[in-house]
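Peer 1: Taking numbering that gives the first Met the number 0, the leading residue of the sequence shown gets 0, the next gets one more, and so forth.
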Amino acid sequence: MKDVTKKSDESRLKYVILQETFTLQNKLTIPKIGLGTWQSSPEDAYNATKFAIQDGYRHVDTAAAYKNEEAVGKAVRDSGVAREEIFVTTKVPAELKTYQEAVDSIDASLKKLDLGYIDLILIHAPRPWKIMGNNPENKDFYLENIDVWKALEEAYLSGKVKSIGVSNFDQKDLQNIFDHCDVKPMVNQFIYHIGRTNEELLAFCKEHEILVEGYSPIATGRLLDNDAVKTIAEAYGKSIPQLSIRYLLQKDILPLPKSVHEEYISDNAKVDFEISEEDMKKLDELQA
0 MKDVTKKSDE
10 SRLKYVILQE
20 TFTLQNKLTI
30 PKIGLGTWQS
40 SPEDAYNATK
50 FAIQDGYRHV
60 DTAAAYKNEE
70 AVGKAVRDSG
80 VAREEIFVTT
90 KVPAELKTYQ
100 EAVDSIDASL
110 KKLDLGYIDL
120 ILIHAPRPWK
130 IMGNNPENKD
140 FYLENIDVWK
150 ALEEAYLSGK
160 VKSIGVSNFD
170 QKDLQNIFDH
180 CDVKPMVNQF
190 IYHIGRTNEE
200 LLAFCKEHEI
210 LVEGYSPIAT
220 GRLLDNDAVK
230 TIAEAYGKSI
240 PQLSIRYLLQ
250 KDILPLPKSV
260 HEEYISDNAK
270 VDFEISEEDM
280 KKLDELQA
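So, in structure tokens, the structure goes:
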């Protein structure tokens with residue numbers, strides 16, 4: 000019988016970044032790279048998650064809206080690695096904006112994942128997706144987000160979840176939570192990649208000790224066609240995805256690259272190199 004635990008340990012030694020962690024406000028540690036599972040079918044999410052864990056990953060990001068929580072949970076259980084070594088994130092859907100809906104969503108995620116507890120749960124967005132970016136009435140959903148946050152706080156204080164945060168929240172959305180919370184958000188997950196950065200929001204989060212997670216670090220593949228990024232990546236003997244992931248790490252942002260291909264999952268962890276200050280500045284100045 001194959002010793003998957005031994006293989007995983009060997010991979011973690013091979014990929015230095017997979018041994019490294021950030022520390023949240025509550026002193027919980029979170030692995031510096033996570034496997035994203037957005038737009039992954041249950042079958043693909045299961046296979047990718049199981050492979051990633053056996054390849055040394057210790058952090059997986061899912062969401063109720065992805066409809067693959069059960070597959071991710073099963074992959075964690077089937078991985079051969081102890082549950083407490085794996086950090087699993089999920090999210091309350093953006094459309095659910097009442098306290099009771101959030102409570103029910105958290106309990107549903109706990110049941111689907113079937114892992115005993117959730118390491119991190121986020122509010123997926125401050126407003127329902129159908130009006131994100133198209134909100135003619137400029138409805139802020141501040142009161143609704145306070146109610147949802149109370150449900151997350153209760154889940155955290157009861158031990159159902161180990162940490163809580165938000166996703167796609169801007170400064171005003173975060174300040175609304177700060178003004179009414181007992182437990183501050185520990186994480187804000189939003190899109191961040193070369194050519195699409197948000198330095199003001201990043202600085203605001205750092206000021207308030209909120210870890211930033213960056214999804215779509217490779218711009219859902221669009222950076223692969225960027226000649227300027229390609230030139231810099233080639234200078235380091237690295238791929239564009241590896242350069243893109245390293246770029247986030249050097250800004251103390253936790254990247255969440257998504258792939259269902261074993262080769263790419265492994266390659267995304269091979270980021271044990273340093274981008275020079277000069278090249279970081281060049282990347283900062285690039286437009287999407």
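A virtual CB, placed ideally from N, CA and C, is assigned to each residue, including glycine.
Just so we're clear, the structure is a prediction, and the values are computed from it rather than from any experiment.
1. How is Y235 classed by DSSP in three states: helix, strand or coil?
2. What residue ranges within the region 170-243 form continuous alpha helix (DSSP H) runs of no fewer than 4 residues, ordered along the chain?
3. In three-state terms, what does DSSP make of G164?
4. Taking the alpha helix (DSSP H) that K66 falls in, what are its first and last residues?
5. Cβ of I244 within 8 angstroms of Cβ of L282?
6. What runs of the alpha helix (DSSP H), each 4 residues or longer, lie entirely inside the region 84-168?
7. What did DSSP end up calling D288 once you bin it into helix, strand or coil?
8. Alpha carbon to alpha carbon, what distance is there between E153 and R195?
9. In terms of alpha-carbon separation, which member of E262, Q286, K161 lies closest to L121?
10. So, under 8 angstroms CB-CB, A70 and Y45 are touching, yes? Tell me the CB distance rounded to an integer number of Å.
11. Within the same chain, show all residues whose beta-carbon is closer than 7 angstroms to that of A62, passing over the 5 residues directly before and after it, in chain order.
12. Between the C-alpha atoms of A74 and K49, what's the straight-line distance to the nearest angstrom?
13. I need the straight-line Cα distance from W37 to K159, nearest angstrom please.
14. With P41 as the anchor, note down where its alpha helix (DSSP H) starts and where it stops.
15. Helix or strand or just coil, what does DSSP make of K269?
16. Per DSSP, I29 is paired with what?
17. Excluding the 5 residues flanking M0 on each side, which residues of the same chain have their C-beta closer than 7 angstroms to its C-beta?
18. Report the option in E212, A234, T22, L255 whose CA atom is closest to the CA atom of E277.
Peer 2: With the given structure in hand:
1. coil
2. 170-177, 198-206, 226-234
3. strand
4. Element bounds for K66: n/a, residue is neither H nor E.
5. no
6. 98-112, 141-157
7. In the structure as shown, the chain starts at 0 and stops at 287, and residue 288 therefore has no counterpart that could be examined.
8. 35 angstroms
9. Ranking the options by Cα distance to L121, first place goes to K161.
10. The distance from the Cβ of A70 to that of Y45 is about 4 angstroms, consistent with a contact at the 8 angstroms cut-off.
11. T89, K90, H123
12. 5 angstroms
13. Cα-Cα distance, rounded: 23 angstroms.
14. 41-53
15. coil
16. F21
17. Its pLDDT being 42, under 50, M0 is placed unreliably by the model, and the measurement read from it follows with that caveat. Hits under 7 angstroms: none found.
18. A234
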